[in-house]
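Structure record follows, encoded as C-alpha cells.
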Amino acid sequence: MSVHSEVKRVTTHTLQKMKERGEKISMLTAYDFSFTKIFDEAGIDILLIGDSASNVIAGHETTLPITLEQMIFLASSVVRGAQRCFVICDLPFGTYQGNSKEALNSSIKIMKESGAHAVKLEGGTEVCESIARIVSSGIPVMAHLGLTPQSIYQFGTYNVRAKEDAEAELLLKNAHAVQEAGAFALVLEKIPAALGKRVAEELKIPVIGIGAGMHVDGQVLVMHDMLGITKDFSPRFLRRYLELYDAIKGATAQYIADVKAKDFPNDKEQY
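Residues 1 to 271 in the UniProt record's numbering are what the sequence shown spells out, letter by letter.
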C-alpha cells in the first residue's frame with residue numbers, strides 16, 4: 001500500500017468532531033505547491049488560499065484587486081500539494097456580493113477548476129442567501145465575520161471590531177445567521193477575546209480565530225506573517241515562528257558574494 005493511500009483526509013466531519021471533543025484546529029494560508037507540501041507533512045488541519053494573496057503575492061494595498069481566475073490558479077497549486085489537509089479557497093471581492101446566483105457560479109468554478117474542498121466568503125445576514133444556495137449545491141462554505149478585509153473602505157480602518165455592545169450583538173446575530181444558512185465553520189478576525197469565546201460557545205460549528213483570543217476552536221495565520229517573511233506587519237495577535245526575511249536576505253547576499261568572488265561553483269559543483 002502506498003503512503004498516500006494511508007493518509008486520512010481532513011473533512012468537514014473531522015473538523016466538527018474536533019470541536020466537539022475540544023481539540024484545537026490549526027489553519028494557515030498557502031498559495032503554492034512547495035509550501036503546501038511542507039505544511040501538509042507537518043500536519044496542518046486546514047490550508048486557506050486566502051485573498052490575502054492580493055497583498056503578499058501580488059503586492060496590492062488591499063485584497064480587492066485579485067480576480068477569480070488568479071485565485072483558481074493559486075488554489076490549483078495548493079491542491080496538488082495537499083495529501084491530508086482540508087483546502088479552502090476564498091471567494092474574491094466582486095464574485096458573490098449581492099447576487100446568490102453569481103456566488104454559486106463562482107463557487108462551482110472554483111471547485112471544478114481548482115479541486116478545492118470548500119469556499120470562504122465574508123459577511124453576515126447579507127450573504128446568507130448565497131451561503132444557503134452554495135451549500136444546497138453540495139459545496140461547503142466557511143463564513144467570515146469581524147474585521148472583513150474586503151470591506152476595508154467601508155470600515156476605513158484595520159482596528160479591532162465589535163468592541164462596543166451594539167456591534168458585538170450584531171456580530172453574534174450574524175454568527176448565528178451564517179450557521180443557520182449552512183456554513184460549516186466561521187472565521188472571526190480581530191475582535192475582543194471575550195466575544196470570541198462567547199461566539200464559540202454559542203455556535204455548534206467550529207470557530208477559527210485570527211486575533212479573536214484563545215477560547216475559539218482554532219487559529220489561523222497568514223503564512224508570510226507566521227514565517228517572518230513580512231517585516232512591516234506586527235499586530236498584537238501575530239506570533240512569528242521564524243524570521244525568514246533576514247535569513248533569506250542573508251543567504252541571497254552570500255550567494256551574490258560567492259558568485260562575484262568566483263567561489264561558486266567550486267570544483268565539486270561542476271561537471
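Even glycine gets a Cβ: it sits at the ideal position worked out from N, Cα and C.
Computed from a prediction, not measured in an experiment: that's the story for all the values here.
Pair within 8 Å by beta-carbon distance, residue i and residue j
{"i": "ALA181", "j": "GLY213", "result": "no"}
{"i": "ASP90", "j": "ILE49", "result": "yes"}
{"i": "PHE93", "j": "GLN150", "result": "yes"}
{"i": "ILE191", "j": "ARG161", "result": "yes"}
{"i": "residue 272", "j": "ARG133", "result": "The structure shown does not extend to residue 272, since the chain is modelled only from 1 to 271, so the question has no answer here."}
{"i": "VAL87", "j": "LEU147", "result": "no"}
{"i": "TYR31", "j": "ALA53", "result": "yes"}
{"i": "ARG24", "j": "GLY218", "result": "According to the sequence shown, residue 24 is Lys rather than Arg. It is a contact, given that the beta carbons lie within the stated cut-off."}
{"i": "VAL56", "j": "THR252", "result": "no"}
{"i": "LEU104", "j": "SER137", "result": "yes"}
{"i": "ILE110", "j": "ILE72", "result": "yes"}
{"i": "ALA116", "j": "VAL79", "result": "yes"}
{"i": "ILE210", "j": "GLU189", "result": "yes"}
{"i": "LYS152", "j": "THR11", "result": "This sequence places Ile at residue 152; Lys is not what is there. No, the pair does not count as a contact, with Cβ atoms beyond the cut-off."}
Beta-carbon separation (whole angstroms), residue i vs residue j, contact threshold 8 Å
{"i": "VAL207", "j": "HIS144", "result": "In fact, because the Cβ distance is near 11 Å, the residues do not count as touching under 8 Å."}
{"i": "ALA82", "j": "THR36", "result": "5 Å"}
{"i": "HIS224", "j": "ALA200", "result": "About 26 Å separates the two Cβ atoms, so there is no contact after all."}
{"i": "ALA185", "j": "LEU15", "result": "6 Å"}
{"i": "SER34", "j": "SER76", "result": "Not really, about 14 Å apart at Cβ, beyond 8 Å."}
Cβ neighbour criterion (16 or more within 10 Å) applied to residue i
{"i": "VAL3", "result": "Reliability fails at VAL3, whose pLDDT of 46 lies under 50, so the model's placement of it is uncertain and the value that follows must be treated cautiously. By the 10 Å Cβ count, VAL3 comes out exposed."}
{"i": "residue 272", "result": "A question about residue 272 goes unanswered here, because the residues of the chain that appear run from 1 up to 271."}
{"i": "TYR158", "result": "exposed"}
{"i": "HIS13", "result": "exposed"}
{"i": "GLN179", "result": "buried"}
{"i": "PRO235", "result": "exposed"}
{"i": "ILE131", "result": "buried"}
{"i": "GLY196", "result": "buried"}
{"i": "ALA261", "result": "exposed"}
{"i": "ILE38", "result": "exposed"}
{"i": "ILE256", "result": "exposed"}
{"i": "VAL119", "result": "buried"}
Task: Cβ contact (3+ pairs, closer than 8 Å) linking the region 115-125 and the region 163-174 - done: yes
Task: Sequence ranges, beta strand (DSSP E) only - wholly within the region 139-177, length at least 3 - done: 141-146
Open item on the list: List, from N- to C-terminal side, the alpha helix (DSSP H) runs of 4 residues or more that fit wholly inside the region 25-95.
Closed with: 33-42, 53-56 and 68-81
TODO: Could you tell me which uninterrupted alpha helix (DSSP H) segments, each at least 4 residues in length, are contained entirely in the region 101-134, listed from first to last along the chain?
DONE: none
- [ ] Jot down the residue ranges of each uninterrupted beta strand (DSSP E) in the region 181-208, minimum 3 residues, whole runs only, in chain order.
- [x] 185-189
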